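Numbering (numbering that gives the first Met the number 0), first residue to last: 0 to 588. Glycine included, C-beta positions come from ideal geometry on N, C-alpha and C. In this text, all values refer to a predicted model and were calculated from it rather than measured experimentally. The next block holds one structure in the form of structure tokens; read it before the comments.
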Amino acid sequence: MADSTTSTEEYRLSGIPVSPGIVCGPLMVLTSEELLVPKNQIAPDAVSNEIARLEAALVKTRQEVMDIKAHLSASLGEKDASIFDAHLLVLEDSTLLEAVRKQIESRNLCVEIIFHHLMQNYAQSMRQTDDAYLRERAADILDVGRRVLSNLLGTTPGDKYNLEQPSIILAHDLSPSDTAMLDRSKVLGFATDIGSRTSHTAIMARSLNIPAVVGLKDASNKMARGVEVILDGHEGWLIINPTEQTKFQYGQLEHKRHQVDVQLERLKGTEAITKDGKKVVLSANVELPEDFPLIRQSGAEGVGLYRTEFLFLSRLALPTEQEQIDIYRQVIAAAAPHLVIFRTLDIGGDKMLDHMGAVKEMNPFLGWRAIRYTLERRDIFHTQLRAICRAGAGGKIRIMFPMICAFEELTQAREELASVLDELQREGVAFTRDIEVGMMIETPAAVLIADRLAKEVQFFSIGTNDLIQYTIAVDRLNEKVAYLYQPTHPSIISLINHTVKSAHDANIWVGVCGEIAGELLLVPLLLGLDIDELSMGPNFVSRAKAVIQNLKYAESRQLVAELQTLNTAGEIMERLKRVAQANFAELLD
Ligand code: PEP
Ligand code: MG
């Protein structure tokens, strides 16, 4: 491969396409440090303001550390809690404040980056001493430094990623919270070394209509900032130093795609009804308020999955009940006259933040996530349910619980909701009781007891992103095993089939809100499996609608019967490709 820092010749890196679209622009290579710490120039007269911000952050952090210490003293005893004394010492160190002031004055940079570098240097020199005790304290320094930084950033949200011009972002990895905090107006596209189609960063890129490619191996190490690149989110290419001819070819492709989009515009007011009269509800998945206008623009019939956790991930402190109510009202208004399905907090896995009590786990996807988290953090769960019920005042809403694996988890979640409703009634505030309660089917365990669960809820929504990972035992984030992540694996088809039968036997409806709902090749399969609702990134709605309008339900039923006789995911996919070519070739990229 050419040396990216010197060569001006065109060359290509291949990755996994996760969000369609083609963009061309300068590359911004972000290291993890830059992701976390802004580096803004400040005016000379702003120094005292920066120092005041640091003082406030130190006071706040001191209080937090004292609280943690008090909590730990009660549960672990004074001795173990005393490890926080080292943190307190750092926070009270007046020479630190002085050093920060001097550097801000001499470099005219914001307090975050100065403080960060000082803490790094401090920790580095401690690591190099002969004293074992001091060497161990280096980790404390970094830890307390992170806390202070969080508090600093909490007072200056918005501008933290310091993107100077619209760029294509290349990073080793981008966490969902990094993504949530980037200035969207400056991000042309995303590229990462690791990741997969169902990582939450990829999901967000799709719903924000930002082209993205992941799994570029060690690209972020090799590439230099500022080079011109094309990011091809359809085929998964990062093209460095594209020639004029390459740019022209890509321009033509985009033009063709745009023409299809114009054609699809006229479908917006129509419904997804097959040629033989079977209707499927198409709804939108949304994550952040930026997505809300897309609900109506896409022609979706409401929101099939509102991933509420992104509201928590896009800020550095827990949102209050009132803040949640305000945002939830916005999404309800944006979806009207259709409904919103609020999924309660699905934190954990690849979505966690320090302020939510993140703990390092060996297997985060098998650990403390989703309903397991909220059933333990009742304070957070309770507040969220209150906010949802209050935001829905005067109307009808839907709530669903994520990652239910056991009957009693559903019982406990429903009890919490019931207690919230009683409480709101007693308080006499405005809220709604008109709530359809559902749950996600995301594990084989839930599928196998779906007949019992179906009697307790009013709908199921199948989260295939997780169902695939838990069934095939394949980490949904790991590009090394991405080849095993097969939505057409016969086991997945059987599990969806079983879920639909259990739901329909109990007279409840069932949707799919995992990424496969918006994959055009798979729509005939889901239609034939008798799914009632498909919920997908807003940008996929018109295409999926066009697919359904081109199909016959009866033929899809026959197709599924045929697919169930095949043995491999590959054979099933090949058959689905032939169906797509025969019925909606013009919609394929
Ligand atoms: C899923 O698992 O399919 C799902 C929709 O939830 P998430 O992708 O947020 O885990
Ligand atoms: Mg899931």
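Presumed contact (8 Å Cβ cut-off) between residue i and residue j, rounded CB distance
i, j, result
"M439", "F400", "7 Å"
"L148", "H115", "6 Å"
"G214", "S184", "Not a contact, Cβ separation roughly 26 Å."
"A453", "S501", "5 Å"
"T431", "I396", "6 Å"
"L409", "E455", "6 Å"
"V559", "L524", "7 Å"
"Y327", "I272", "At roughly 31 Å, the Cβ-Cβ gap does not stay under 8 Å, so Y327 and I272 are not in contact."
"A392", "A429", "4 Å"
Coil, strand or helix - residue i by DSSP
i, result
"T470", "helix"
"Q40", "strand"
"L133", "helix"
"E415", "helix"
"P16", "strand"
"E270", "coil"
"S534", "strand"
"E554", "helix"
"Y482", "helix"
"M603", "Because residue 603 is not part of the residues shown, which for the chain are 0 to 588, the question remains open."
"L237", "strand"
"A190", "strand"
"I507", "coil"
"L169", "strand"
"E435", "strand"
"R265", "coil"
"F291", "helix"
Residue i burial status per 10 Å Cβ neighbour count (16 or more: buried)
i, result
"D204", "Residue 204 is actually Ala in this sequence, not Asp. Buried."
"G250", "exposed"
"I349", "The sequence as given places Asp at residue 349; Ile does not occur at that position. Per the 10 Å Cβ criterion, buried."
"G157", "Unreliable positioning characterises G157 in this predicted model, as indicated by a pLDDT of 38, which lies under 50. A coordinate reading is not provided."
"T442", "buried"
"R146", "buried"
"K544", "buried"
"V358", "exposed"
"G303", "buried"
Limits of the unbroken alpha helix (DSSP H) element including residue i
i, result
"M361", "Segment: none, M361 is in no alpha helix (DSSP H) and carries neither H nor E."
"Y372", "369–375"
"V280", "Careful: V280 lies outside any alpha helix (DSSP H), inside the beta strand (DSSP E) at 280–285."
"R306", "Careful: R306 lies outside any alpha helix (DSSP H), inside the beta strand (DSSP E) at 302–306."
"R106", "93–106"
"R126", "110–126"
"I448", "No alpha helix (DSSP H) contains I448, which DSSP labels as neither H nor E."
"S219", "218–221"
Which listed residue (the options) has its alpha carbon closest to that of residue i
i, options, result
"L384", "Y482, S418, M361", "S418"
"I113", "I140, E63, D192, N39", "N39"
"F83", "D92, I67, T94, L95", "I67"
"S541", "L520, L586, W236", "L586"
"A556", "G527, G536, M535", "Checking the displayed sequence, the identity of residue 556 turns out to be Arg instead of Ala. Among G527, G536, M535, the Cα nearest to that of R556 is on G527."
"H497", "I461, V46, K101", "I461"
"I21", "P537, Q323, A211", "A211"
"V379", "V480, T307, A122, Y121", "Position check: residue 379 holds Ile in this sequence, whereas Val was assumed. Looking at the Cα atoms, T307 is the closest of the given residues."
"R106", "E49, E264, N150", "E49"
"E478", "T197, R389, L152, K255", "T197"
"H199", "V58, M351, R389, L53", "M351"
"V89", "Q296, L57, T273", "L57"
"I589", "K395, R413, Q485, L494", "Residue 589 is absent from the model: the chain starts at 0 and stops at 588."
"F189", "T564, M27, N566, D44", "M27"
"G536", "I294, Q258, E227", "I294"
"V17", "L565, Q548, A579, I515", "I515"
"Q457", "G437, L476, T273, E97", "G437"
"E111", "P318, A55, E532, D130", "A55"
"T30", "Y10, D130, L173, N150", "L173"
"G14", "W236, C512, E8", "W236"
"G268", "V186, I370, G298", "G298"
"A333", "T319, G517, T128, N284", "N284"
"E97", "S47, T60, A122", "S47"
Residue range of the unbroken beta strand (DSSP E) whose run includes residue i
i, result
"F341", "339–342"
"L230", "227–231"
"P592", "Missing from the structure shown is residue 592; the chain here goes from 0 to 588 and no further."
"G298", "From DSSP, G298 is part of no beta strand (DSSP E); its letter is neither H nor E."
"V212", "211–213"
"S198", "S198 -> no beta strand (DSSP E), and no H or E assigned at all."
"R591", "The structure shown does not extend to residue 591, since the chain spans only 0 to 588, so no value can be given for it."
"M83", "Checking the displayed sequence, the identity of residue 83 turns out to be Phe instead of Met. No beta strand (DSSP E) contains F83, which is instead part of the alpha helix (DSSP H) from 83–90."
"I396", "396–400"
Any chain B beta carbon closer than 7 Å to residue i
i, result
"I448", "This model lacks chain B altogether; it includes just one protein chain."
Cβ-heavy atom distance, residue i to the ligand FAD, below 6 Å
i, result
"G510", "Only the ligand PEP and the ligand MG can be found as ligands here, which leaves the ligand FAD out of the picture."
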